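The working numbering applies: residue 496 is where the sequence shown begins, and numbers increase by one. Here is the structure we will look at, set down as structure tokens.
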Amino acid sequence: MCLKSNCNHKICNYFRQSTTLMGISCFIGACIGKMLDVLSDEQAIALVTASIPLWVSERSNQVKTEMIAAEIIHNLPDLQKGAIDVQKNISNPR
Numbered sequence: 496m497c498l499k500s501n502c503n504h505k506i507c508n509y510f511r512q513s514t515t516l517m518g519i520s521c522f523i524g525a526c527i528g529k530m531l532d533v534l535s536d537e538q539a540i541a542l543v544t545a546s547i548p549l550w551v552s553e554r555s556n557q558v559k560t561e562m563i564a565a566e567i568i569h570n571l572p573d574l575q576k577g578a579i580d581v582q583k584n585i586s587n588p589r
């Protein structure tokens, strides 16, 4: 792994993400805490379980969010028309 600040390797970028670092910290902390008998089984399992979502790349979430935003923008005229129809139906119930 590169230690250069301008490294563009995917693995380097992954490990520089704050959520990845927090996930690693929680996981290592849970393992060490359990080995030293500072944490109970339940506490260690809770920390490891809580760290799992932090291992997901921030970029993958960003891509999903951008795809959803693009769909909303693409369908905005239909959404506006549907919202107006709903408002009319609420204002004038049959």
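By construction, the Cβ of each residue, glycine as well, lies at the ideal position given by its N, Cα and C atoms. None of these values were measured; they are calculated from a predicted model.
Requested in this report: Give every residue of the same chain whose Cβ lies closer than 7 Å to the Cβ of A539, excluding the five residues on either side of it in the sequence, and list them in chain order.
Outcome: Working through the sequence shown from its first residue, we reach residue 539 at position 44. Only A525, G528, K529 meet the Cβ criterion.
Query raised in the report: What are the boundary residues of the alpha helix (DSSP H) that S520 is part of?
Result: The residue given as residue 520 occupies position 25 in the sequence shown. Per DSSP, S520 belongs to the alpha helix (DSSP H) from 513-530.
Report task. Using three-state DSSP, classify N587 as helix, strand or coil. Result -> Here the question's residue 587 lines up with position 92 in the sequence shown. Coil, per DSSP.
Report task. Would you kindly work out how many angstroms separate the C-alpha atoms of C521 and P572, rounded to a whole number? Result -> On the sequence shown, position 26 is the one that residue 521 refers to. On the sequence shown, position 77 is the one that residue 572 refers to. C-alpha of C521 to C-alpha of P572: approximately 45 Å in a straight line.
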